[in-house]
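**Student:** What follows is a single structure, and I will ask about it in a moment.
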Amino acid sequence: MSVTEPDDIIHQSTRLRLMAALYPLPANEWLDFKQMKALSGATDGNLGGHLATLEKAGYVLIEKDFVGKKPRTRVSLTKEGLRAFQRHLNFLRDILEQGQ
Amino acid sequence: MTVTPQDAARALKEVDQVSSRSSTLRRYRAASPTLILWGVVWIVVNLCCDRWPRQAGPLWGAGDLAGFAGSAVIYFRLASPWPLNWRSLATAAVGVGAVAAAVDLLQIRSVETLTALICLSVGAGYMAWGVWRGARIFVLGLIIAVVSLAAGLLHPPHFYLWMAGAGGGALILGGLWLRQA
Numbered sequence: 064m065s066v067t068e069p070d071d072i073i074h075q076s077t078r079l080r081l082m083a084a085l086y087p088l089p090a091n092e093w094l095d096f097k098q099m100k101a102l103s104g105a106t107d108g109n110l111g112g113h114l115a116t117l118e119k120a121g122y123v124l125i126e127k128d129f130v131g132k133k134p135r136t137r138v139s140l141t142k143e144g145l146r147a148f149q150r151h152l153n154f155l156r157d158i159l160e161q162g163q
Numbered sequence: 250m251t252v253t254p255q256d257a258a259r260a261l262k263e264v265d266q267v268s269s270r271s272s273t274l275r276r277y278r279a280a281s282p283t284l285i286l287w288g289v290v291w292i293v294v295n296l297c298c299d300r301w302p303r304q305a306g307p308l309w310g311a312g313d314l315a316g317f318a319g320s321a322v323i324y325f326r327l328a329s330p331w332p333l334n335w336r337s338l339a340t341a342a343v344g345v346g347a348v349a350a351a352v353d354l355l356q357i358r359s360v361e362t363l364t365a366l367i368c369l370s371v372g373a374g375y376m377a378w379g380v381w382r383g384a385r386i387f388v389l390g391l392i393i394a395v396v397s398l399a400a401g402l403l404h405p406p407h408f409y410l411w412m413a414g415a416g417g418g419a420l421i422l423g424g425l426w427l428r429q430a
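Residue numbers (my numbering), protein chains in the order written: chain A, 64 to 163; chain B, 250 to 430.
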């Protein structure tokens, strides 16, 4: 099925990279804040804001806990996020095919 | 929002790059505990071989058994990204068969040379794996291969201590390096 509109939430460059980083992981796997930062190239403040936007849209799940005394923030892709990302990729591929 | 074909191409390229990097890091994290486990096995077995050199065969047999059992536990507990299918098992069998044939063909009778050859083969295996799966795995394989080759060629006075420290140490440090990627 052809997708006619981009997903405005995902299309933003940093959020696209965040979703791309989570995309290859199986359902029960997480990336921590440090890994997300390294993969997306975002700064701390920037990353928090973009993750909050994705969480609000229901695309990612954010879990905060402690490992020993150290706080840890982990992120995983929701089923809804996975579907939205796949739809957005299909949209991009369609645009590319139409342009060729 | 208007998205041009150039925008789409750029976005898809970015997705490919980040997803590929994420997959590589995931493979590194999955390989890390197994490498650390084998590093411990190398150190313990080589230290025991240094103490009881005539028992090197049985000691390595017991060490390999413990290493493979531990690797199986790690594999099934961590939902490893490495597929365990007939192709991966056949690839391992080809490698083991080739080393066994080389040992027979070259008439290797020295336990130290045999140990160095097997460890060299393990290093070469990691290098080949790293060509496909990530530069850090290749570098680790190269270090193990060089350490083993040096031990095999130079026969240092404390061969097993060398293999324990340099070989086992490289595996443990390599495992920690992959975990921090």
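Glycine residues also receive a C-beta, built at the ideal position from the N, C-alpha and C atoms. Keep in mind the model is a prediction, meaning the values are calculated, not measured.
For a contact defined as C-beta to C-beta under 7 Å, what are the partners of A:D95 on chain B?
**Tutor:** Within the first sequence, the letter at position 32 stands for residue 95 of chain A. Near A:D95 there are no residues of chain B at all, since even the closest Cβ is about 11 Å away, more than 7 Å.
**Student:** Could you have a look at A:E92 and say whether DSSP puts it in helix, strand or coil?
**Tutor:** Stepping through the first sequence from its first residue, residue 92 of chain A is reached at position 29. Correct three-state label for A:E92: coil.
**Student:** Just the chain A side, please: which residues come within less than 7 Å of B:L333 by C-beta, in chain order?
**Tutor:** Looking up residue 333 of chain B in the second sequence gives position 84. Per Cβ cutoff of 7 Å: no residues; B:L333 is ~15 Å from chain A at best.
**Student:** Below 8 Å on C-beta distance, what does B:L261 contact in chain A?
**Tutor:** The residue you call residue 261 of chain B lines up with position 12 of the second sequence. Going along chain A in sequence order, the residues near B:L261 (Cβ under 8 Å) are L152, L155, R156, L159.
**Student:** Can A:A120 and A:A147 be called in contact, C-beta distance under 9 Å?
**Tutor:** Here residue 120 of chain A refers to the residue found at position 57 of the first sequence. Here residue 147 of chain A refers to the residue found at position 84 of the first sequence. Contact: yes.
**Student:** Looking at C-beta atoms only, is the number of pairs between the region 392-411 of chain B and the region 258-275 of chain B that lie closer than 8 Å three or more?
**Tutor:** no
**Student:** Examine chain B for any beta-carbon lying closer than 9 Å to the beta-carbon of A:H74, and answer yes or no.
**Tutor:** The residue given as residue 74 of chain A occupies position 11 in the first sequence. Taking Cβ atoms only, chain B reaches closer than 9 Å to A:H74, which makes this a yes.
**Student:** When burial is assigned at 16 or more other CB atoms within 10 Å of the CB, is B:S268 buried or exposed?
**Tutor:** Translated into positions along the second sequence, residue 268 of chain B becomes position 19. So B:S268 ends up on the buried side.
**Student:** Name the one or two DSSP bridge partners that B:D313 has.
**Tutor:** On the second sequence, residue 313 of chain B is found 64 positions in, with the first residue counted as 1. Its beta-bridge partners do not exist; DSSP assigns none.
**Student:** What residues from the region 261-276 of chain B come within 9 Å of chain A, judged by C-beta to C-beta, listed N to C?
**Tutor:** L261, E263, V264, D265, Q266, V267, S268, S269, R270, S271, S272, L274, R275
**Student:** According to DSSP, A:I125 sits in a beta bridge with which residue or residues?
**Tutor:** Locating residue 125 of chain A in the first sequence gives position 62, where the first residue counts as 1. In the DSSP output, where bridge partners are listed per residue, A:I125 has A:V138.
**Student:** With 7 Å as the C-beta to C-beta threshold (strictly closer), list the residues of the region 393-427 of chain B near chain A in chain order.
**Tutor:** Listed by position, the residues of the region 393-427 of chain B near chain A (Cβ gap below 7 Å) amount to none.
**Student:** For the region 101-113 of chain A against the region 294-313 of chain B, do three or more pairs of beta-carbon atoms, one drawn from each stretch, fall closer than 8 Å, so that the two count as touching?
**Tutor:** Taking 8 Å as the limit for Cβ pairs, the verdict is that the region 294-313 of chain B does not touch the region 101-113 of chain A.
**Student:** Give me the chain B residues within the contact set of A:L88, using Cβ-Cβ distance strictly less than 9 Å, ordered along the chain.
**Tutor:** Here residue 88 of chain A corresponds to residue number 25 of the first sequence, with the count starting at 1. Those are S271, S272, R275, listed as they occur along chain B.
**Student:** With a cut-off of 9 Å, does the C-beta of A:A105 fall near any C-beta of chain B?
**Tutor:** Taking the first sequence and counting its residues from 1, the one referred to as residue 105 of chain A is at position 42. Cβ-Cβ to chain B under 9 Å: no for A:A105.
**Student:** Can you pull the chain A neighbours of B:A384, defined as C-beta to C-beta under 7 Å?
**Tutor:** Working through the second sequence from its first residue, we reach residue 384 of chain B at position 135. The contacting residues do not exist; B:A384 stays about 16 Å from chain A at best.
**Student:** Distance cutoff 9 Å, beta carbons only. Does A:Q149 sit that close to anything in chain E?
**Tutor:** In the structure shown, chain E cannot be found, because the protein chains are A and B.
**Student:** Could you tell me the alpha carbon to alpha carbon distance between B:I285 and B:M250, rounded to whole angstroms?
**Tutor:** On the second sequence, residue 285 of chain B is found 36 positions in, with the first residue counted as 1. On the second sequence, residue 250 of chain B is found 1 positions in, with the first residue counted as 1. So the two alpha carbons sit approximately 50 Å from each other.
**Student:** Applying the criterion that 16 or more other CB atoms from any shown protein chain within 10 Å of the CB defines a buried residue, is A:D71 buried or exposed?
**Tutor:** Position 8 of the first sequence, counted from the first residue, corresponds to residue 71 of chain A. That one is exposed.
**Student:** Which residues, in order along the region 356-381 of chain B, keep a beta-carbon less than 7 Å from a beta-carbon of chain A?
**Tutor:** Within the region 356-381 of chain B, no residue has a Cβ that lies closer than 7 Å to any Cβ of chain A.
**Student:** What does DSSP give as the partner residue(s) for A:V130 in the beta ladder?
**Tutor:** Along the first sequence, one-based indexing puts residue 130 of chain A at 67. According to DSSP, A:V130 bridges with A:K133.
**Student:** Taking C-beta pairs closer than 7 Å, name the residues in chain B that A:R80 reaches, listed in chain order.
**Tutor:** For the purposes of this step, residue 80 of chain A is taken as the residue at position 17 of the first sequence. Going along chain B in sequence order, the residues near A:R80 (Cβ under 7 Å) are E263, V267.
**Student:** Can you name, in chain order, every residue of its own chain whose Cβ lies under 6 Å from the Cβ of B:A342, other than the five neighbours on each side?
**Tutor:** Position 93 of the second sequence, counted from the start, is the residue given in the question as residue 342 of chain B. Answer for B:A342: no residue qualifies.
**Student:** For A:G37, count the other beta carbons within 10 Å of its own beta carbon; 16 or more makes it buried, fewer makes it exposed. Which is it?
**Tutor:** Outside the displayed range of chain A (64 to 163) lies residue 37 of chain A, so it cannot be described from this structure.
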